[in-house]
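Okay, structure first, notes after.
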Amino acid sequence: MRMVRLLDRFRRRWRRQKRSLQERFPQYAIGRGSYGDLTVRSWKEGTTLTIGAYCSIAAGVKVFLGGEHRADWVTTFPFPAIWPADAGHITGHPRSRGDVVIGNDVWLGTEAMIMSGVTIGDGAVVGARAVVTRDVPPYAIVAGNPARIVRYRFDPVIIARLLRARWWHWSDDRIRTYLPLLLSDDPTRFLDAAEADTPGGERA
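Going by UniProt numbering, 16 is the number at position 16 of the sequence shown; the sequence numbering is gapless.
If you want it as structure tokens, here you go:
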């Protein structure tokens, strides 16, 4: 009974977080099923955020779309923002390195920080309190400050096949059919079944 109550509580929380992500950030593209506790920092540099489908975002995760102080300038102080009458015409401070793109089936650990201009590949895992300043390859596990690759979740052949399968774009009905294989530690079995069920049966 206790396990059932815990599962019910998780489902209710998941529904709230999924709804709140889309309601809180209607200006950003957020894929189906993605949920979590997210803060987005933007200084109106014209950058945007894209989150793929079925992403899990832990508490305290922050995405910075800009706001970078200019360490390459004589001063890092944001005079254009603080003294707009005198320096408001000077552009480039604060700076953004570009849009943030978070792929599909990505897990962002507690209090991870994602800096502007970063792309996180499908299936990647970002460790708790990691500071991501560079792109993360698909299915890589990264940790630390700055975040570095610890290992990959699967071997290159399996990763290529998973990226080709793109199960996160399947219909809900098809995903339901494959849940026992998706929720297993046997990616080869899942991929063999998925490829056999795909027109042409193509492999990566």
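Note that the Cβ used here is the ideal one computed from N, Cα and C, for glycine as well.
Own chain, CB closer than 7 Å to Arg-151, minus 5 neighbours either side, in chain order:
Excluding sequence neighbours, Arg-151 sits near Ile-141.
Just the Cα atoms here: how many angstroms apart are Leu-181 and Ile-57?
Annotation: Leu-181 to Ile-57 spans about 23 Å, alpha carbon to alpha carbon.
Strictly under 8 Å for the Cβ-Cβ distance: is Val-131 near chain B by that measure?
Protein chain content of the structure displayed is limited to a single chain, and chain B is not contained in it.
Distance CB(Pro-187)-CB(Ile-158) smaller than 8 Å
With contacts defined by Cβ atoms closer than 8 Å, Pro-187 and Ile-158 form a contacting pair.
Measure the beta-carbon distance from Ile-102 to Phe-64 and round it to whole angstroms, keeping in mind my assumption that it falls under 8 Å.
The Cβ separation is near 13 Å, so there is no contact.
Roughly how many whole angstroms lie between the Cα atoms of Tyr-35 and Leu-49?
Their backbone Cα atoms lie some 15 Å apart in a straight line.
Closest Cα partner of Arg-153 within the set Asp-122, Ala-130, Asp-135
The shortest Cα separation from Arg-153 among Asp-122, Ala-130, Asp-135 belongs to Asp-122.
Assign Thr-104 to one of two classes, buried (16 or more other C-beta atoms within 10 Å of its C-beta) or exposed (fewer than that).
The identity of residue 104 in the sequence shown is Asn, whereas the question assumes Thr. Buried: at least 16 other Cβ atoms inside 10 Å.
List the DSSP bridge partners of Ala-59.
Beta-bridge partners assigned by DSSP to Ala-59: none are found.
Using a threshold of 7 Å, is the CB atom of Lys-62 nearer than that to any non-hydrogen atom of the ligand ATP?
Absence of the ligand ATP is noted for the structure shown, with no ligands found whatsoever.
Since Asp-37 is in the beta strand (DSSP E), which residue starts that stretch and which ends it?
According to the DSSP assignment, Asp-37 belongs to the beta strand (DSSP E) that extends over 35-41.
Would you mind working out which of Leu-162, Gly-46, Pro-78, Leu-38 sits nearest Gly-117, comparing C-alpha positions?
Distance check between Gly-117 and each of Leu-162, Gly-46, Pro-78, Leu-38 places Gly-46 closest, using alpha-carbon atoms only.
Grab me the residues of Gly-98's own chain with a C-beta within less than 7 Å of its C-beta, minus the 5 sequence neighbours each way, in chain order.
Thr-47, Ser-116, Gly-117.
Between which two residues does the alpha helix (DSSP H) carrying Gly-157 extend?
Looking at the sequence shown, residue 157 is not Gly but Val. Per DSSP, the continuous alpha helix (DSSP H) segment holding Val-157 begins and ends at 156-165.
Considering only their Cβ atoms, is the gap separating Ala-143 from Ala-165 smaller than 8 Å?
Not closer than 8 Å, so no.
Let me know the secondary structure DSSP gives Leu-49 once reduced to three states.
DSSP places Leu-49 in strand when its eight states are reduced to three.
Given a threshold of 16 other Cβ atoms within 10 Å of its Cβ, counted over all protein chains shown, does Gly-88 qualify as buried or as exposed?
Exposed, by the Cβ-count rule.
Answer yes or no: do Gly-60 and Gly-31 have a C-beta to C-beta separation smaller than 8 Å?
Not in contact: Gly-60 and Gly-31 (Cβ atoms no closer than 8 Å).
Which of helix, strand or coil does DSSP assign to Leu-108?
If DSSP states are grouped into helix, strand and coil, Leu-108 belongs with the strands.
Keeping to the same chain, check which residues put their C-beta closer than 8 Å to that of Leu-7; ignore five residues upstream and five downstream.
A caution first: Leu-7 carries a pLDDT of 48, below 50, which makes its placement in the model unreliable, though a value can still be read off. Here the set comprises nothing.
What are the start and end residues of the beta strand (DSSP E) that includes Tyr-152?
That run of the beta strand (DSSP E) goes 148-152.
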